[in-house]
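Quick note on the numbering used here: the sequence shown kicks off at 555 and runs consecutively. Here is the structure we will look at, set down as structure tokens.
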Amino acid sequence: MHHNSTQSRATTSKQGSALIIAMIFTTVLAVIAIPSYLNLSNQTLKQSNRVFYNTAAINLAESGVEYAVQAIMLQSENNYNWSNWTLTGGSALKTLDEIVFTGDIKATTKISIYNYSSDAPEVVVKSTINMPFGPAIEKYMYASISASSTQGLFAYGMLTKDFIKASGGVAFDSWTSDPDNDPDTPYIPYSSRVATDKVAIATASTSAGAITLGSSDVYGTAAVGSADYSGLSVGWGGQVGPKDMSEWDPSDTDELWKKDGWLVSTQTGALSTGFTAAFEDITAPSLTPTDYRLDYKLPYTDRREVSNKWSTWYQNVYVDEETLGAPNTLTILNLDELEVKAGATLRLEGDIIINLPNENKTTLKVIEGGAIEMADDATVTVYLAGDMAITGAGLFSEVSPQQLQIWGTATGTQNFDFLNNGQFSGIIYAPNAEVKVTGNSDIYGSVIAKSIELTGSGSFRYDQSLANYTGGTTSAGPTRVDYVEELVGIERDPYIDDMAF
């Protein structure tokens, strides 16, 4: 019994010692480790908050650029007097309303537009978010602008309200049909020899992927309405920027794996954000027709008089080739429908104006191998309220795009379809039209529409001679953001004092 009692006391002593050691360890942990852990967690939370507000500051700065572009655009339309800006010298200054985030975190955005009344203003925006801990977050954004007064209505090869979508490897580039700006000199048709990489496409939509290119190549620039690059989607094999990649900044090609093969020459200004545009509704002018037929369809069967030296009689004649208009003559038609099909060819001469006022039906058709051709010196203007379908040999052969103009006059949505290798050389202004181009269709000139969708392996060739052309409308071209970048480090120095207002 005595032996067992001694053993029990020894065991109890050991347990007590272990308990004391555990208590000491716990105390040390509580005094040292837990505060360190809590401090680490607090620092991580602060860092996470700064990352969040850093992104918010960038968004505010980009929104400031958009605000400035809108003011410049309204000015170009004679609808802005800068009354709520501070004007000093050639600059316009404005502080936007303060924004308050959760936790009473306040943000300010200041805008300075240099040479605001010129054709080439510059914008600097400073956004500041005052943090409850650490220094304030400041972001500077710079943008160079081309005002509307410097451009025509067709300053862009493609311009839409909603979207531009291409799939199948569409080729986008440009050329100049009238390099000397003299309509009396010969028109230069597109060829690889005269091709340039100055095509410009744009959408006013702010949606993600509003321009979706897949594997298509845009040898030129793209502009999106979104405040960031999310407005452009490019897949593997596609690109936006100069055709010669030796002109690209290496940073544009270093880390393609980070964004699904993203190949966009942002450093050369090939992509701009915050794009805006105004779209004027078009009304057909009131003109007295010189030809009073109600529709025109080719081919057709005609009853014509024939004769010989003995008698005269009538017989049916199949007409599949015909000329409309005459040299140096104005021809005006007001038609319910114009249709060329079944291998027929309609040739147009002189100056022709065609009004097709019926909506909600296809009123302009070139289908089933039909073709409409223009004389070298002909001009054709079509006011179209209905839909259009172009297939087969296409609508008009090689002419300068300014010689053929289609103006969409619908009050609702129109459908303009270029299907199965249709060809077109001209300009289209139809802000309510949904344009579809399929197969190997080739489009030369400029297209302004509600939306544009291209599938297949066709092409789009922008005529740079249209850059200052307004088509006789009251609209100037869209205000354009030529270049935008965030200013960092010493790049901010020239503007720090200016942004202290």
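All residues carry an ideal CB built from backbone N, CA and C; glycine is no exception. Given the structure is predicted, the values throughout are model-derived calculations rather than measurements.
Identify whether residue i lies in helix, strand or coil by the three-state DSSP scheme.
i           : result
residue 850 : strand
residue 695 : strand
residue 880 : coil
residue 604 : helix
residue 599 : Unreliable placement is indicated for residue 599, whose pLDDT of 49 sits below 50; the coordinate value is still reported in the next sentence. Note: residue 599 maps to helix in three-state DSSP.
residue 685 : coil
residue 707 : coil
residue 678 : strand
residue 618 : helix
residue 609 : helix
residue 754 : strand
residue 725 : strand
Name the two residues that bound the continuous alpha helix (DSSP H) containing residue i.
i            : result
residue 1049 : 1047 to 1050
Along the chain, where does the beta strand (DSSP E) that runs through residue i open and close?
i            : result
residue 928  : 925 to 928
residue 985  : 977 to 991
residue 963  : No beta strand (DSSP E) contains residue 963, which DSSP labels as neither H nor E.
residue 922  : Here residue 922 belongs to no beta strand (DSSP E), and DSSP marks it neither H nor E.
residue 745  : Taken as a continuous stretch (DSSP letters only), residue 745 belongs to no beta strand (DSSP E), as it is neither H nor E.
residue 1018 : Run containing residue 1018: none; DSSP gives neither H nor E here.
residue 893  : 891 to 894
residue 1040 : 1034 to 1041
residue 942  : 941 to 944
residue 519  : Beyond the ends of the chain as shown, which are 555 and 1055, falls residue 519; an answer cannot be given.
residue 864  : Careful: residue 864 lies outside any beta strand (DSSP E) and carries neither H nor E.
residue 713  : 712 to 720
residue 899  : 899 to 902
residue 972  : 968 to 972
residue 936  : 933 to 938
residue 909  : 905 to 910
Beta-carbon separation of residue i and residue j under 8 Å?
i            : j            : result
residue 838  : residue 914  : no
residue 796  : residue 819  : yes
residue 991  : residue 982  : no
residue 917  : residue 891  : yes
residue 660  : residue 833  : no
residue 717  : residue 779  : no
residue 994  : residue 1011 : yes
residue 799  : residue 1038 : no
residue 775  : residue 815  : no
residue 701  : residue 667  : no
residue 962  : residue 980  : no
residue 669  : residue 675  : yes
residue 943  : residue 964  : no
residue 842  : residue 782  : no
residue 889  : residue 926  : no
residue 772  : residue 1035 : no
residue 1066 : residue 615  : Any answer about residue 1066 is impossible in this case: the structure gives the chain only from 555 up to 1055.
residue 895  : residue 875  : no
residue 873  : residue 853  : yes
residue 1015 : residue 744  : yes
residue 693  : residue 611  : yes
residue 604  : residue 691  : yes
What residues in its chain sit with their C-beta under 7 Å from that of residue i, if we drop five residues either side in the sequence?
i            : result
residue 1019 : 730, 731, 732
residue 595  : Residue confidence is low: residue 595 scores 48 on pLDDT, short of 50, so the model does not pin down where it sits. Its coordinate-derived value is still stated next. Same-chain partners within the cutoff: there are none.
residue 1054 : none
If you drop the 5 nearest sequence neighbours on each side, which residues of the same chain put their C-beta closer than 8 Å to that of residue i?
i            : result
residue 770  : 720, 721, 722, 723, 724, 725, 726, 792, 1008
residue 885  : 844, 845, 878, 879, 904, 905, 906, 907
residue 757  : 713, 714, 715, 716, 717, 718, 764, 765, 777, 778, 779, 785, 829
residue 1033 : 623, 626, 627, 630, 699, 700, 701, 702, 830, 831
residue 1051 : none
residue 1041 : 678, 694, 695, 696, 1049
residue 868  : 857, 858, 859, 860
Ignore the nearest five residues each way along the sequence and tell me which others in residue i's own chain have a CB closer than 6 Å to its CB.
i            : result
residue 954  : 731, 741
residue 654  : 660
residue 1003 : 714, 984, 987, 989
residue 1024 : 706, 707
residue 501  : The requested residue 501 does not occur in the structure, where the chain is confined to residues 555 to 1055.
residue 969  : 941, 988
residue 919  : 893, 943
residue 1013 : 725, 996
residue 618  : 663, 665, 679
residue 1005 : 714, 716, 717, 988
Which runs of the beta strand (DSSP E) fall wholly inside the stretch 621 to 666 and span at least 3 residues, in chain order? 640 to 642, 645 to 649, 653 to 655
Just to confirm the assignment: which complete beta strand (DSSP E) runs, minimum length 3, are found wholly within the stretch 758 to 837? 774 to 777
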